[in-house]
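Be aware that the sequence shown starts at 2, since it is given in our numbering, and climbs by one per residue. Note sheet for the following structure.
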Amino acid sequence: MYSISVQTILFVSLLFVIFTWIGSVKASRLLYNQNLERMHRKASKLLFWSWFPVIPAAAIIGAIIWMQQSMDPVFWQDRVFIQAPLVVLPILTIWVVSVPKLIKLRSLMKQNLAEPGAAIEPTIYHRAASPGLIIPFQMTALGALTALYFSLVPPVPFQWLDISIPLAAFVLLTAGLWWRHQIRFKQVSKMEVYVIPTFWKRALTMVGVIAVVAGSVYYLFMLAINNSQLPAEIDMASGTHDYGGQAVTANMSPHNHGIEGMNSSSAKMMSVADLTGPREGAPDRRFTLTAQKKTVTLSSGKTVDAWTFNGQIPGPELRMKEGELVEVTLVNEDIEQGVTAHWHGLDVPNAEDGVAGATQNAVMPGETYTYRFRAEQVGTFWYHSHQDSQEAVSMGLFGALIVEPKMETLQQVKDITVMTHRWKGNTFAIGASDQLERMTIEPGTPVRMRLINTDDWVQQKYTLVGTHFEVAAIDGTELNKPGVLTNTHVVVPTGGRYDITFIMPERPMYLNVGGNRSSGILMSPDGKGEIPELPQTVAFDPLQYGDPTATPFDANSRFDRDFTMILDNKLGFYNRNLDFLYTLNGEVFPNTPMLMVKEGDLVKTTIVNRGNVEHPMHLHGHHVLVLSRNGKPSMGSPWWSDTLAVLPGETYEVAFVANNPGLWMDHCHNLVHAAAGMTMHLMYEGVTTPFSVGSGTINHPE
2 MYSISVQTIL
12 FVSLLFVIFT
22 WIGSVKASRL
32 LYNQNLERMH
42 RKASKLLFWS
52 WFPVIPAAAI
62 IGAIIWMQQS
72 MDPVFWQDRV
82 FIQAPLVVLP
92 ILTIWVVSVP
102 KLIKLRSLMK
112 QNLAEPGAAI
122 EPTIYHRAAS
132 PGLIIPFQMT
142 ALGALTALYF
152 SLVPPVPFQW
162 LDISIPLAAF
172 VLLTAGLWWR
182 HQIRFKQVSK
192 MEVYVIPTFW
202 KRALTMVGVI
212 AVVAGSVYYL
222 FMLAINNSQL
232 PAEIDMASGT
242 HDYGGQAVTA
252 NMSPHNHGIE
262 GMNSSSAKMM
272 SVADLTGPRE
282 GAPDRRFTLT
292 AQKKTVTLSS
302 GKTVDAWTFN
312 GQIPGPELRM
322 KEGELVEVTL
332 VNEDIEQGVT
342 AHWHGLDVPN
352 AEDGVAGATQ
362 NAVMPGETYT
372 YRFRAEQVGT
382 FWYHSHQDSQ
392 EAVSMGLFGA
402 LIVEPKMETL
412 QQVKDITVMT
422 HRWKGNTFAI
432 GASDQLERMT
442 IEPGTPVRMR
452 LINTDDWVQQ
462 KYTLVGTHFE
472 VAAIDGTELN
482 KPGVLTNTHV
492 VVPTGGRYDI
502 TFIMPERPMY
512 LNVGGNRSSG
522 ILMSPDGKGE
532 IPELPQTVAF
542 DPLQYGDPTA
552 TPFDANSRFD
562 RDFTMILDNK
572 LGFYNRNLDF
582 LYTLNGEVFP
592 NTPMLMVKEG
602 DLVKTTIVNR
612 GNVEHPMHLH
622 GHHVLVLSRN
632 GKPSMGSPWW
642 SDTLAVLPGE
652 TYEVAFVANN
662 PGLWMDHCHN
672 LVHAAAGMTM
682 HLMYEGVTTP
692 FSVGSGTINH
702 PE
């Protein structure tokens, strides 16, 4: 309903501009009719246009009222206090001021029409030139245009200072039009016989006005384009700093990042390059990932030109045990754009996070880079390049990363990784299989399916048919006492992971992905069987699922930092390109605020999606505990997430402990959004980075 309301306001606002503009032109040109009958007909049409714009205005106001009644103020403040008055008040002036004058004018003309061939009396021209008749129509058109501007460029966060310039322009233009029509009215009033200006004179005047307006618009247009150009080099530690409600002191200035305010154990500047995993000791696991271009054949025989790790898609599955020291050597064979390896969801030390320009330089062709970290978390994760990540992931530079418990389970579990991806040409595949995949599984076998969604801007739907199941884990974290589910589908956001478990029955089982029956996984005791029909299902909701258990903190804890992150859209320029931008607190990178914390802080963040598309928000280096969604507390198993899908109109409250020092990306994992500037950073006070991004560098993380 929220998305419908937003789209209604935007679309109808455009219609409202068109309708009111037509009315304003008709009102201004009423004076230029030489024939009394024609002027009477035009006046009647203008009277029609005085009520016709009420229809779109009512639709806009209705949508705004629904928001005001149903949602928190952050969703409707600007619409109630700015857009609604700009729509309603000018229309009221039409009905209070213009319509009475127009009715009197029509009545006067109707009396004269009783005499055949009667000329237009000067009084009629005087009334037709009245600013009180014309200006309300033109003011309504300007109000509609200003309201449309605020729909396209919402003032977020809501601050009166940010709206002063557009509102001042509206007032000044209205005053200018009043002055112009007042002059014209006086000129007409002085004439005993009104002479309509020639077409060419009116045309030249219009051309002059258009030239001035076009020149002003062109100047502002070019100024906006030039201001949007990204610097050739940007220090990832620079930008606006948000201290989460704490008063900014000299010790917490953006220049020293609160060095003196830090505890004694970290009261010195630290570089992210020094925040490494263990440098000494023989690793328990060694892996080599070689990035190279390959033409890869899918199960159907279709070929894909891909960027690969080790010549395969997905890249090799990296499995390790909890607590093991892992060493990964990344080799770039021929990816000209450069590569990195980011361990998505695994909270490694900052220097091992693999983000070009933030924690390392991109690894260029012929270069190598070594990551070392201890696998502290058990669960399902994945890795991908974080250099030109939108293109790199779509082309295939990703793979699964599984951390198994230290202790072996007594019963053998069938462990199935389901990594879904859509390749160029709209080819969907699970792993390297773009056809129905069949598996033979012995009845009674415990099965764990690890669902990993790598698709950009797709919330993937997974439906298990044939038996009940449990959602055992979300984003690599086990759920407490998960309940049994039937006729339920699981929706996994881009970058997210869900583990589902079940006991293999004696009948065939089918995992459907995205509703496409030509693919998926069919499991049976003999590897045979027919695909069952898909039942009607409901979406799985983690908010009330499982049993609660103790957590290190909860919604009643005292938080050291309290941030608000508003997700929205606006029309604007990004690096000289005009587009609908995806914004964080009204800005795009590098102007997005940097969330500043100290090690040990308990941090709360309220995430609000005012836009009209979903955003899977991914915080590197930390897992957040979901406290509430849309005001409803999380009452089931603790829900820890690193990639949280925030749908249009939703509000999440999440919290985490700042226990992993560094400079961490916090961005939308719809990577096309991140590439367009929907990224910000979580930064610990006292941390610096020697790395930078920009066209003048080799580093392009998104």
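In this text, a Cβ means the ideal position worked out from N, Cα and C, and glycines have one as well. Since we're looking at a predicted model, the values are computed, not measured.
For His440, which of helix, strand or coil comes out of DSSP? Checking the sequence shown, residue 440 turns out to be Met, not His. Strand, per DSSP.
Excluding five sequence neighbours on each side, which residues of the same chain lie with their C-beta closer than 7 Å to the C-beta of Leu648? Same-chain partners within the cutoff: Asn610, Glu615.
Using DSSP with H/G/I as helix, E/B as strand and the rest coil, what is Tyr244? DSSP places Tyr244 outside both helix and strand once states are collapsed to three, so it counts as coil.
Going by beta carbon distance, what residues of the same chain come within less than 8 Å of Arg449, once the five residues before and after it are set aside? Cβ within range, chain order: Val414, Lys415, Asp416, Ile417, Ala473, Asp500, Ile501, Thr502.
How big is the Cα-Cα spacing for Lys571 and Asn592? Each residue's alpha carbon lies about 14 Å from the other.
Leaving out five residues before and five after Leu23 in sequence, what residues of the same chain have Cβ atoms less than 7 Å from its Cβ? The sequence shown places Ile at residue 23, not Leu. Around Ile23: Trp50.
Span of the alpha helix (DSSP H) holding Trp96? Boundaries cannot be given for Trp96, as no alpha helix (DSSP H) includes it and DSSP labels it neither H nor E.
Would you kindly check if the distance between the Cβ of Leu672 and the Cβ of Ser390 is under 7 Å? In this structure, Leu672 lies closer than 7 Å to Ser390 by Cβ.
With 7 Å set as the bound, which would you pick, yes or no: does the beta-carbon of Pro279 sit closer than that to a beta-carbon of chain C? Within the model displayed, chain C is absent; a lone protein chain is all it includes.
Grouping DSSP H, G and I as helix and E and B as strand, with all else coil, what is Thr550? Residue state, collapsed to three classes: coil.
When DSSP labels each residue in this structure, what does Asp306 get in the three-state scheme? Note: Asp306 maps to strand in three-state DSSP.
Taking only runs of the beta strand (DSSP E) that begin and end inside the segment 567-648, which ones reach a length of at least 3 residues, in chain order? Those beta strand (DSSP E) runs which fall completely within the segment 567-648 and span 3+ residues are 578-585, 595-598, 603-610, 616-620, 625-630, 644-647.
Less than 6 Å between C-beta atoms, sequence neighbours within five positions excluded: which residues of the same chain meet that for Asp561? Residues of the same chain with a CB within less than 6 Å of the CB of Asp561, apart from the 5 flanking positions on each side, are Asp602, Leu603 in chain order.
Where Met597 and Asp555 are concerned, what is the direct C-alpha to C-alpha distance, given to the nearest angstrom? Taking the straight line from one Cα to the other gives about 21 Å.
Does DSSP put Ser266 in a helix, a strand or coil? Here Ser266 scores only 42 on pLDDT, less than 50, and its place in the model should not be relied on; the value that follows carries that caveat. Here Ser266 sits in helix by DSSP.
Which one of Pro553, Met72, Pro315, Lys605 has the shortest CA to CA distance from Met396? Of Pro553, Met72, Pro315, Lys605, the residue nearest in Cα terms is Pro315.
Can Leu535 and Asn513 be called in contact, C-beta distance under 7 Å? Cβ atoms of Leu535 and Asn513: closer than 7 Å.
So the candidates are Val81, Arg287, Arg320, Val492; which of them puts its Cα closest to the Cα of Leu331? If we check each option's Cα against that of Leu331, Arg287 comes out closest.
Taking Thr175 as part of the alpha helix (DSSP H), name the residues at either end of that continuous run. That run of the alpha helix (DSSP H) goes 161-191.
Determine the direct distance from the alpha carbon of Trp67 to that of Lys740, and round the result to whole angstroms. Outside the modelled stretch of the chain, which goes from 2 to 703, sits residue 740, for which no answer is possible.
Could you spell out the range, first to last residue, of the alpha helix (DSSP H) harbouring Ser14? Its alpha helix (DSSP H) spans residues 3-30.
Work out the CA separation of Phe590 and Leu579 for me, nearest whole Å. Rounded to whole angstroms, the gap between the alpha carbons of Leu579 and Phe590 is 15 Å.
Nonlocal neighbours in the same chain, by C-beta distance under 6 Å from Gly371, ignoring five residues either side: Correcting the residue type first, residue 371 is Thr in the shown sequence and not Gly. Listed in chain order, the non-local C-beta contacts of Thr371 below 6 Å within the same chain comprise Thr330, local neighbours out to five positions each way being set aside.
Cβ neighbours of Pro57 in the same chain (closer than 7 Å, five flanking residues each side left out): These residues qualify, in order along the chain: Val13, Leu16, Phe17, Phe20.
In chain order, what residues of the same chain have a beta carbon less than 7 Å from the beta carbon of Pro1, not counting five sequence neighbours either side? Nothing about residue 1 can be reported from this structure: the residues present for the chain run from 2 to 703 only.
By Cβ distance, which residues of its chain are closer than 8 Å to Glu392, with the 5 residues on each side in sequence left out? Cβ within range, chain order: Gln338.
Where the alpha helix (DSSP H) through Ser525 begins and ends: Ser525 -> not in any alpha helix (DSSP H); beta strand (DSSP E) instead, spanning 521-525.
Once DSSP output is grouped into helix, strand and coil, what is the label at Val493? Annotated three-state conformation of Val493 is strand, per DSSP.
Is it buried or exposed for Phe200, if we count other Cβ within 10 angstroms and need 16 for buried? Classification for Phe200: exposed.
At a cut of 8 Å, does the segment 268-286 reach the segment 347-364 through at least three beta carbon pairs? At 8 Å Cβ cutoff, the stretches touch.
Helix, strand or coil for Ser434, going by three-state DSSP, please let me know. In the structure shown, Ser434 sits in a strand (DSSP, three-state: E or B).
With a 10 Å radius around its C-beta and 16 neighbouring C-beta atoms as the bar for buried, classify Ala176 as buried or exposed. Taking every protein chain shown into account, the CB of Ala176 has fewer than 16 other CB atoms within 10 angstroms, so this residue is exposed.
Which of the three DSSP states is assigned to Val655 in this structure? The answer is strand: DSSP assigns Val655 an E or B state.
What residues in its chain sit with their C-beta under 7 Å from that of Phe374, if we drop five residues either side in the sequence? Short of 7 Å from the beta carbon of Phe374, and not among the five residues preceding or following it, lie these beta carbons of its own chain, in chain order: Gly278, Val327, Val349, Pro350, Glu353.
Counting along the chain, where does the alpha helix (DSSP H) carrying Pro137 start and finish? DSSP places Pro137 inside the alpha helix (DSSP H), whose first and last residues are 132-153.
How would you write the range of the alpha helix (DSSP H) that Pro74 sits in, first residue to last? Start and end: 74-79.
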